[in-house]
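Data first, discussion second: the structure below is written as structure tokens.
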Amino acid sequence: MKTIDWTKDELVAYILLFAANADFKESKKERDLIISKVDLKTFKEIHEEFENDNDYQGIKKIMTSLEQHNYNSEDIDLLMEDIKSLFFVDDDFDITERNMLKCLNRLFKTV
12 MKTIDWTKDE LVAYILLFAA NADFKESKKE RDLIISKVDL KTFKEIHEEF ENDNDYQGIK
72 KIMTSLEQHN YNSEDIDLLM EDIKSLFFVD DDFDITERNM LKCLNRLFKT V
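Numbering-wise (my numbering), the sequence shown opens with residue 12 and increments by one.
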């Protein structure tokens with residue numbers, strides 16, 4: 012895939028949006044948590060891009076950007092903590108979110 016011109020904040024916003032939509036619903040608490048990690052302008056821009064991508068495109072963009080930003084295992088661990096926080100923010104850590112967490116963890120370990 013070609014390069015992705017995202018900042019680290021844009022990458023984090025996209026990953027958290029991807030995770031927040033694991034259960035096909037994006038709660039206000041999840042949006043608020045994402046906005047607490049990145050600014051509102053970044054959130055809105057990345058949200059629009061996210062809405063236009065399918066899952067395959069999203070995963071490709073995420074993996075390409077993780078590599079471009081030279082994420083290491085420590086960075087991935089911090090990212091996974093943010094994802095866990097996102098899943099628990101609305102007090103509903105359902106099976107689709109659990110599966111997404113496992114899949115992202117496995118996928119990110121390949122970076």
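Note that beta-carbon positions come from the ideal geometry of N, C-alpha and C, so glycine has one too. Quick caveat: nothing in here was measured; it's all calculated off a predicted structure.
Is the distance from the Cβ of residue i to the Cβ of residue j below 8 Å?
| i | j | result |
| --- | --- | --- |
| E108 | F98 | yes |
| L118 | K95 | no |
| I26 | L89 | no |
| A24 | L115 | no |
Please report the residue range of the alpha helix (DSSP H) in which residue i lies.
| i | result |
| --- | --- |
| S11 | Not covered by the structure: residue 11. The range shown for the chain is 12 to 122. |
| V49 | It is not in any alpha helix (DSSP H) - V49 carries neither H nor E in the DSSP assignment. |
| D66 | 66–79 |
| N110 | 106–119 |
By a C-beta neighbour count over all protein chains shown, 10 Å radius and 16 as the cutoff for buried, is residue i buried or exposed?
| i | result |
| --- | --- |
| T14 | exposed |
| D34 | buried |
| K39 | exposed |
| L51 | exposed |
| L77 | buried |
| D92 | The sequence given here has Glu at residue 92, not Asp. Exposed. |
| I73 | buried |
| I106 | exposed |
Using a Cβ-Cβ cutoff of less than 6 Å, which residues in the same chain neighbour residue i once the five nearest sequence positions on both sides are dropped?
| i | result |
| --- | --- |
| D20 | V49, T53 |
| E123 | The requested residue 123 does not occur in the structure, where the chain is confined to residues 12 to 122. |
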